[in-house]
Amino acid sequence: MRLLQVSLRSLLLYSLVLVIISIPVSLYSIREILNEEVDESLTLNSQQFLEHLKNFEYLDDLETDLHVLDQLSYNIHIKPTAATIQKNSFETVIQYDSIEHEERPFRQLSSNVIVKGKPYLLTISMSLVDNDDLITAIGIVQIILIVLLTGGLLFINRSLSKKLWTPFYKTISRLKAYELDKNEAFEVEKTNIIEFDDLNTAIGNLTERNRKVFLHQKEFIENASHELQTPLAIFQSKLDVLMQSSALSESSAETIAELEATAQRMSRLNKNLLLLSKIDNEQFIEKEDVDLQATTLDVIAKIRDIADTNQLSMINSIEAGRTLANKTLIEVLITNLLHNAVRHTSVGGSIHVMVKDKTFEVANSGKPLSDPERIFERFRKDSANSESTGLGLAIVKKICDLCSYEQHYEYKADLHVFSVKFWP
Amino acid sequence: MKILIIEDEKELVKSMAQYLRQESYVCEIAYTAHEANEKVFLFEYDCILLDINLPDGNGLKILEKLKDNNKTDGVIIITAKNSLDDKVRGLNLGADDYLAKPFFLPELVARVSAVIRRKRFDGNTKITFQEITVDLLGKTVHAHDQAVDLTRKEYDLLVFLIANKNRVVSKNAIAEHLSGDDAELLDKFDFIYTHIKNLKKKLSEAGAIDYIQTVYGLGYKFTA
Numbered sequence: 525m526r527l528l529q530v531s532l533r534s535l536l537l538y539s540l541v542l543v544i545i546s547i548p549v550s551l552y553s554i555r556e557i558l559n560e561e562v563d564e565s566l567t568l569n570s571q572q573f574l575e576h577l578k579n580f581e582y583l584d585d586l587e588t589d590l591h592v593l594d595q596l597s598y599n600i601h602i603k604p605t606a607a608t609i610q611k612n613s614f615e616t617v618i619q620y621d622s623i624e625h626e627e628r629p630f631r632q633l634s635s636n637v638i639v640k641g642k643p644y645l646l647t648i649s650m651s652l653v654d655n656d657d658l659i660t661a662i663g664i665v666q667i668i669l670i671v672l673l674t675g676g677l678l679f680i681n682r683s684l685s686k687k688l689w690t691p692f693y694k695t696i697s698r699l700k701a702y703e704l705d706k707n708e709a710f711e712v713e714k715t716n717i718i719e720f721d722d723l724n725t726a727i728g729n730l731t732e733r734n735r736k737v738f739l740h741q742k743e744f745i746e747n748a749s750h751e752l753q754t755p756l757a758i759f760q761s762k763l764d765v766l767m768q769s770s771a772l773s774e775s776s777a778e779t780i781a782e783l784e785a786t787a788q789r790m791s792r793l794n795k796n797l798l799l800l801s802k803i804d805n806e807q808f809i810e811k812e813d814v815d816l817q818a819t820t821l822d823v824i825a826k827i828r829d830i831a832d833t834n835q836l837s838m839i840n841s842i843e844a845g846r847t848l849a850n851k852t853l854i855e856v857l858i859t860n861l862l863h864n865a866v867r868h869t870s871v872g873g874s875i876h877v878m879v880k881d882k883t884f885e886v887a888n889s890g891k892p893l894s895d896p897e898r899i900f901e902r903f904r905k906d907s908a909n910s911e912s913t914g915l916g917l918a919i920v921k922k923i924c925d926l927c928s929y930e931q932h933y934e935y936k937a938d939l940h941v942f943s944v945k946f947w948p
Numbered sequence: 008m009k010i011l012i013i014e015d016e017k018e019l020v021k022s023m024a025q026y027l028r029q030e031s032y033v034c035e036i037a038y039t040a041h042e043a044n045e046k047v048f049l050f051e052y053d054c055i056l057l058d059i060n061l062p063d064g065n066g067l068k069i070l071e072k073l074k075d076n077n078k079t080d081g082v083i084i085i086t087a088k089n090s091l092d093d094k095v096r097g098l099n100l101g102a103d104d105y106l107a108k109p110f111f112l113p114e115l116v117a118r119v120s121a122v123i124r125r126k127r128f129d130g131n132t133k134i135t136f137q138e139i140t141v142d143l144l145g146k147t148v149h150a151h152d153q154a155v156d157l158t159r160k161e162y163d164l165l166v167f168l169i170a171n172k173n174r175v176v177s178k179n180a181i182a183e184h185l186s187g188d189d190a191e192l193l194d195k196f197d198f199i200y201t202h203i204k205n206l207k208k209k210l211s212e213a214g215a216i217d218y219i220q221t222v223y224g225l226g227y228k229f230t231a
């Protein structure tokens, strides 16, 4: 749920409650005000009526006249009464309205009056607004209010979230697209809103710091690998010199051979680390038209001998294909995938290499992996094969990431299948 | 034959010189670009081993000066930076070969002898070891004037062994020389053994003496 929706929800709920409460409150208060007004005018009417009666001195038979009056008048009734105490009382009664032909509420003032020395009960009534009509009217007004309120709030909310939050969403989308290893600074835009500017500055600082650390680390790996080359060269050269010694026993000769194999492994590891960091540092950016068929056939020719020695049967289906890419990277990628296949196929196994529609695929026979998801991770290796540096497939992945190639691994029909789709 | 080693790592220089001297090369040493500049212009060398990263300058500058002065010394660039740019620049500047650290000394010797052969014996493309003659141009081998039919790998192996004659060459060095980066895939014992066995067989069939000695656990030695 968006932030503005949360605040909108509370606002809407509050106004809804207010509006609903206001219905009975306004009904009650309007009713009270009306009653008061009506009561006042009833009192006034009654006083005026009595005033008029006093002036009608010429009437001889007052009782008859009053009776006639009582019969004729619609809202004034006067009847002789036994009670002698003077009092006024107001009440609301429901009467049949003969004009509108329906029951209607009336406000009625009953008072005991003395006319010409005789007591009478004077009743004056006045029609009131129908309760139902009143509720309906108020209800309609309030519903219109609710609709306008909700609509207005929603509209304001929408235009606010579009305008006010634009810089925020911009920052979010730029953050989502930001990649530390793409070697770009995180650019911030001035927004005129303090909170957003603070946020942008903080993110800018954070990413810049991370980028610097990352760059330093990349540089460090490359420098460290370079620096290791010389001691490795010294080590190797000392072994070569030591080997010439005529006084070597068989066991020391064997030890030297083992040392040399280890030195070679170190130097291969170092070479691969260096290659990885060079790819990372984008030192292979020149692109050219690469012939996938020729490149693949070259690599196959180089490893053919080794494949033959291990009695691996190679089944190749190499079709023509070209792609615009860095030639070195393509060679490294194909070489590493083929090396991987050769290394992990046991004697007598088979390797299938296919190039078709700009897709390179190599499949080799072998047992399924215990952890196929992590196959492209660095130093992830099959423990049985210590000769491997554990970096070959990591380099493949790095190249695919850099060039946005789709790389895929699956195990089917007893074959490990690696494929890379080149573009453009 | 005179060789100048321009390299600031004293221990590496020591091993290189020691190894090269065994093969009757005369080695001179320069630890800095300054020393190197002096020596290069005072003397003639058959081959200069040039490290690019020197404490007081870039080795490529020395190479540039050499070529500007029409010096014909053979130059092999040695560098810790295995970068394609350096390689292309060095070779464009007129270097004869390029070797990345770390390297096997037998590999260095093979490169040095190839460069010297190209520089010194113009026209003479043959190397001879007792009754075996290798024609480097035609890539053919004869023993007692009888042609020996070798595969590409066997031929490379023979040339490599002759260049390092009288020295123990490890299986790792041979594998690296024959297969380059693909060497890591090799089960060295099988692969090298097969090639050595075939080479021995073919040479002895042609009437040559078996000069390839097996040094147990280590490698081979080509010696008369």
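If you read the sequences in order, they're chains A and G.
Mind the numbering: the first sequence is residues 525 to 948 in our numbering, read in order.
Mind the numbering: the second sequence is residues 8 to 231 in our numbering, read in order.
Ideal Cβ positions, reconstructed from N, Cα and C, are used throughout, including at glycine.
Alpha-carbon spacing of residue i relative to residue j, whole angstroms
{"i": "Ile659(A)", "j": "Leu568(A)", "result": "29 Å"}
{"i": "Asp589(A)", "j": "Ile602(A)", "result": "10 Å"}
{"i": "Glu51(G)", "j": "Asp80(G)", "result": "7 Å"}
{"i": "Leu528(A)", "j": "Gly676(A)", "result": "14 Å"}
{"i": "Gln595(A)", "j": "Asn559(A)", "result": "27 Å"}
{"i": "Asp197(G)", "j": "Arg904(A)", "result": "27 Å"}
{"i": "Asp163(G)", "j": "Lys126(G)", "result": "20 Å"}
{"i": "His41(G)", "j": "Val765(A)", "result": "29 Å"}
{"i": "His171(G)", "j": "Ala180(G)", "result": "Per the sequence shown, residue 171(G) should be read as Asn rather than His. Roughly 11 Å separates the two Cα atoms."}
{"i": "Tyr32(G)", "j": "Ile780(A)", "result": "26 Å"}
{"i": "Thr86(G)", "j": "Ala43(G)", "result": "16 Å"}
{"i": "Ile55(G)", "j": "Lys700(A)", "result": "55 Å"}
{"i": "Lys714(A)", "j": "Leu532(A)", "result": "27 Å"}
{"i": "Ser550(A)", "j": "Ser622(A)", "result": "30 Å"}
{"i": "Ile199(G)", "j": "Ile727(A)", "result": "59 Å"}
{"i": "Arg526(A)", "j": "Leu536(A)", "result": "15 Å"}
{"i": "Phe573(A)", "j": "His591(A)", "result": "15 Å"}
{"i": "Val155(G)", "j": "Lys17(G)", "result": "43 Å"}
{"i": "Ala849(A)", "j": "Gly916(A)", "result": "20 Å"}
{"i": "Leu540(A)", "j": "Leu646(A)", "result": "48 Å"}
{"i": "Ser874(A)", "j": "Tyr218(G)", "result": "38 Å"}
{"i": "Lys742(A)", "j": "Arg792(A)", "result": "19 Å"}
{"i": "Ile123(G)", "j": "Pro948(A)", "result": "46 Å"}
Beta-bridge pairing of residue i - partner residues as DSSP gives them
{"i": "Val155(G)", "result": "Val148(G)"}
{"i": "Asp142(G)", "result": "Lys133(G) and Thr147(G)"}
{"i": "Lys882(A)", "result": "DSSP lists no partner for Lys882(A)."}
{"i": "Cys34(G)", "result": "Ile10(G)"}
{"i": "Val877(A)", "result": "Asn840(A) and Val886(A)"}
{"i": "Ile600(A)", "result": "Ile648(A)"}
{"i": "Asn612(A)", "result": "Ser635(A)"}
Contact set for residue i: own chain, Cβ-Cβ below 6 Å, skip 5 residues either direction
{"i": "Asn173(G)", "result": "Thr230"}
{"i": "Ser649(A)", "result": "Asn599, Phe630 and Gln632"}
{"i": "Gln571(A)", "result": "none"}
{"i": "His932(A)", "result": "Ser943"}
{"i": "Ser186(G)", "result": "none"}
Cut-off 8 Å between Cβ atoms - residues of its own chain near residue i, not counting five sequence neighbours on either side
{"i": "Gly214(G)", "result": "Glu138, Ala150, His151 and Gln153"}
Cut-off 7 Å between Cβ atoms - residues of its own chain near residue i, not counting five sequence neighbours on either side
{"i": "Ser683(A)", "result": "none"}
{"i": "Asp93(G)", "result": "Ile59 and Thr86"}
Mind pulling the beta strand (DSSP E) runs of 3 or more residues that sit fully within the region 168 to 206 of chain G?
-> List check, beta strand (DSSP E) in window: 175 to 177.
Touch test, the region 200 to 215 of chain G against the region 748 to 767 of chain A, Cβ-Cβ under 8 Å, three pairs minimum = Taking 8 Å as the limit for Cβ pairs, the verdict is that the region 748 to 767 of chain A does not touch the region 200 to 215 of chain G.
At 4 residues or longer, and completely inside the region 790 to 857 of chain A: list those alpha helix (DSSP H) runs for me, N to C.
-> Look at the region 790 to 857 of chain A and you find these whole runs of alpha helix (DSSP H), each 4 residues long or longer: 816 to 833.
Do the region 31 to 47 of chain G and the region 916 to 935 of chain A touch if we need at least three Cβ pairs shorter than 8 Å?
-> In short, these stretches do not touch, since the Cβ pair count stays below three.
Whole alpha helix (DSSP H) runs in the region 614 to 667 of chain A with 4 or more residues, listed along the chain?
-> Those alpha helix (DSSP H) runs which fall completely within the region 614 to 667 of chain A and span 4+ residues do not exist here.
Inside the region 203 to 229 of chain G only - beta strand (DSSP E) runs reaching at least 3 residues | List check, beta strand (DSSP E) in window: 219 to 222 and 226 to 229.
Just checking, does the region 21 to 36 of chain G make contact with the region 112 to 125 of chain G on the three C-beta pairs under 8 Å criterion?
-> Taking one beta carbon from each stretch, the region 21 to 36 of chain G and the region 112 to 125 of chain G have 3 or more pairs nearer than 8 Å; the two touch.
Assess, as a yes-or-no matter, whether the region 11 to 23 of chain G is touched by the region 927 to 946 of chain A under the definition of 3 or more beta carbon pairs within less than 8 Å.
-> The answer is no - the region 11 to 23 of chain G does not touch the region 927 to 946 of chain A, with fewer than three Cβ pairs under 8 Å.
For the region 893 to 946 of chain A, which segments carrying the alpha helix (DSSP H) assignment without a break, of at least 4 residues, lie completely within its bounds, in sequence order?
-> Entirely contained in the region 893 to 946 of chain A, the alpha helix (DSSP H) runs reaching 4 residues are, in chain order, 916 to 927.
State whether the region 86 to 102 of chain G contacts the region 67 to 76 of chain G, with contact taken as three or more CB pairs (one from each stretch) at a distance under 8 Å.
-> Between the region 86 to 102 of chain G and the region 67 to 76 of chain G there are three or more inter-stretch CB-CB distances shorter than 8 Å, so the stretches are counted as touching.
Residue ranges of each beta strand (DSSP E) within the region 44 to 108 of chain G, 3 or longer = Entirely contained in the region 44 to 108 of chain G, the beta strand (DSSP E) runs reaching 3 residues are, in chain order, 54 to 58, 81 to 86 and 104 to 107.
Inter-stretch contact at 8 Å, needing at least 3 Cβ pairs: the region 662 to 680 of chain A / the region 633 to 645 of chain A | No, they do not touch.
Contact between the region 871 to 891 of chain A and the region 807 to 818 of chain A (3+ Cβ pairs under 8 Å) = The region 871 to 891 of chain A makes contact with the region 807 to 818 of chain A; the number of CB pairs closer than 8 Å reaches 3 or more.
How about the region 766 to 785 of chain A and the region 817 to 833 of chain A: do they share at least three Cβ pairs that are nearer than 8 Å?
-> Taking a cut-off of 8 Å on C-beta distances, the region 766 to 785 of chain A does not touch the region 817 to 833 of chain A, as fewer than three cross pairs fall below it.
Within the chosen definition, does the region 894 to 904 of chain A reach the region 843 to 858 of chain A through at least 3 CB pairs nearer than 8 Å?
-> As far as the Cβ criterion goes, the region 894 to 904 of chain A does not touch the region 843 to 858 of chain A, which means the pair count is below three.
Between the region 716 to 731 of chain A and the region 61 to 69 of chain G, are three or more C-beta pairs nearer than 8 Å?
-> Segments in contact, no.
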